[in-house]
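First up is the structure itself, then whatever we jot down about it.
Numbering (the working numbering), first residue to last: 1341 to 1620.
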């Protein structure tokens, strides 16, 4: 038996334990998956050392610790190095190897919907998940990336990363300027915890999103569609919801830990069934 887990804050809403536990059982693997709530950034390092000492094989990392986990990885994949954030940790003798599968989840979801040589993309948020999404649209050839974030410092940091590391033309705008950037936008990505964290609201209406082809929501909820997903559907956009993104990155995580590719559709069906949704 191997131990797998998730660190983040909060983790009580997470579907990852269900997805990975059921997948292990279906594949005949005796592994256990445990969620660990880490409330403070300063605790990430000690928790990671403790979980390594306990023999954990691998970990997922969720908000808000993806960038801090990156700093504690002894080695990192090329993609994680470029993004500056990790969502998967794989055990090595020396410590944790860091990987980023969030970007691949976003890129694959858009590619399978026919997205290529993207035009303007608007990204709401500037944390670890946002960095991965920015890398994904850069790899898909985005002509321009507009970063919107409440913290100007973090927004400008991401813009600099996009320009210097990802090779995409990027610029920062404040929230009150967001609506003026939507004309001609092909993709809007939500990377803020709207519907997950109290007081955080998705700043756009269905009317604002009309004409946008794709909406990608990196957030999911156990109680139904979160605000960005609902708004994108109401506007008639093609929506990549948070459960699909979760399942795609989870399949990549599982393969990194076990060498087995379960396929994201299996993990997506487990996730949707667990919240009463079904793949249509």
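Here a beta-carbon is modelled for each residue, glycine too, at the ideal position from N, C-alpha and C.
What whole-angstrom Cβ distance do residue 1541 and residue 1567 have, given they're in contact under 8 Å?
In the chain shown, residue 1541 corresponds to position 201, counting from 1. In the chain shown, residue 1567 corresponds to position 227, counting from 1. Residue 1541 to residue 1567, Cβ: 7 Å. Contact.
Taking just the CA atoms, how far does residue 1392 sit from residue 1416?
Position 76 of the chain shown, counted from the start, is the residue given in the question as residue 1416. Position 52 of the chain shown, counted from the start, is the residue given in the question as residue 1392. Straight-line Cα distance between these residues: approximately 16 Å.
Identify the continuous alpha helix (DSSP H) that holds residue 1575 and give its terminal residues.
Mapped onto the chain shown, residue 1575 falls at position 235. First-last for residue 1575: undefined, no H or E at that position.
Residue 1623, buried or exposed, once every other Cβ within 10 Å from all chains shown has been counted against 16
Here the chain covers residues 1341 to 1620 and nothing more, so residue 1623 does not appear.
Exposed unless 16 or more other CB atoms sit within 10 angstroms - verdict on residue 1366:
Counting from 1 along the chain shown, the entry for residue 1366 is found at position 26. Exposed.
What residue from 1368, 1362, 1419 has the CA that sits closest to residue 1374's CA?
For the purposes of this step, residue 1374 is identified with residue 34 of the chain shown, where counting begins at 1. Checking every option, the nearest Cα to that of residue 1374 belongs to 1362.
Starting from residue 1688, follow its DSSP beta bridges and name the residues at the other end.
Given that the chain is displayed from residue 1341 to residue 1620, the structure contains no residue 1688 and the question cannot be resolved.
Just tell me which of 1380, 1394, 1587, 1589 has its CA closest to the CA of residue 1435.
Position 95 of the chain shown, counted from the first residue, corresponds to residue 1435. Ranking the options by Cα distance to residue 1435, first place goes to 1394.
Given residue 1531, which residues of its chain have a CB within under 7 Å of its CB, disregarding the five upstream and five downstream residues?
As a first step, residue 1531 is located in the chain shown; it is residue number 191 there, counting from the start. Correct list, in chain order: 1463, 1464, 1465, 1467, 1469, 1470, 1473, 1558.
Roughly how far, in whole angstroms, is the beta-carbon of residue 1311 from the beta-carbon of residue 1458, given that I think they are within contact range, below 8 Å?
This structure leaves residue 1311 out entirely; the chain is present only between 1341 and 1620.
Quick one: residues in its chain with C-beta nearer than 7 Å to the C-beta of residue 1505, no 5 flanking neighbours on either side, listed in chain order?
Within the chain shown, the letter at position 165 stands for residue 1505. Closer than 7 Å at the Cβ level, and outside the excluded window around residue 1505, lie 1422.
My output table needs one value for residue 1557: the three-state DSSP class, helix, strand or coil.
By 1-based counting over the chain shown, the position of residue 1557 is 217. Residue state, collapsed to three classes: strand.
At the level of alpha carbons, what is the spacing between residue 1554 and residue 1525?
Stepping through the chain shown from its first residue, residue 1554 is reached at position 214. Stepping through the chain shown from its first residue, residue 1525 is reached at position 185. Each residue's alpha carbon lies about 9 Å from the other.
Near residue 1341, what residues of its chain come up, given a Cβ to Cβ distance below 7 Å and the 5 sequence neighbours on each side ignored?
The sequence position of residue 1341 within the chain shown is 1, counting from 1. The residues are 1370, 1371, 1372.
Going by beta-carbon coordinates alone, are residue 1485 and residue 1447 separated by less than 8 Å?
As a working note, residue 1485 is residue 145 in the chain shown. As a working note, residue 1447 is residue 107 in the chain shown. No, Cβ-Cβ distance for residue 1485 and residue 1447 is not below 8 Å.
For residue 1581 and residue 1560, I'd like the C-alpha separation in whole angstroms.
Position 241 of the chain shown, counted from the first residue, corresponds to residue 1581. Position 220 of the chain shown, counted from the first residue, corresponds to residue 1560. Between residue 1581 and residue 1560, the C-alpha separation is close to 7 Å.
Classify residue 1356 as buried or exposed, calling it buried when 16 or more other Cβ atoms lie within 10 Å of its own Cβ.
Taking the chain shown and counting its residues from 1, the one referred to as residue 1356 is at position 16. With 16 or more Cβ atoms within 10 Å of its Cβ, residue 1356 is classed as buried.
Exposed unless 16 or more other CB atoms sit within 10 angstroms - verdict on residue 1593:
By one-based count along the chain shown, residue 1593 stands at place 253. By the neighbour-count rule (16 or more Cβ atoms within 10 Å), residue 1593 is buried.
Tell me where the alpha helix (DSSP H) around residue 1433 begins and ends.
Against the chain shown, residue 1433 aligns to sequence position 93. No alpha helix (DSSP H) contains residue 1433, which DSSP labels as neither H nor E.
Along the alpha helix (DSSP H) that carries residue 1512, what are the first and last residues, could you check?
Your numbering for residue 1512 matches position 172 in the chain shown. Element bounds for residue 1512: not the alpha helix (DSSP H) but the beta strand (DSSP E), 1510-1513.
Assign residue 1532 to one of three DSSP states: helix, strand, or coil.
Counting from 1 along the chain shown, the entry for residue 1532 is found at position 192. Note: residue 1532 maps to coil in three-state DSSP.
What's the C-alpha gap between residue 1615 and residue 1492?
The count along the chain shown starts at 1 and reaches residue 1615 at position 275. The count along the chain shown starts at 1 and reaches residue 1492 at position 152. Approximately 36 Å, taken between the alpha carbons.
Residue 1347 burial status per 10 Å Cβ neighbour count (16 or more: buried)
Sequence index remark: in the chain shown, residue 1347 carries index 7 (1-based). Buried, because 16 or more other Cβ atoms sit within 10 Å of the Cβ of residue 1347.
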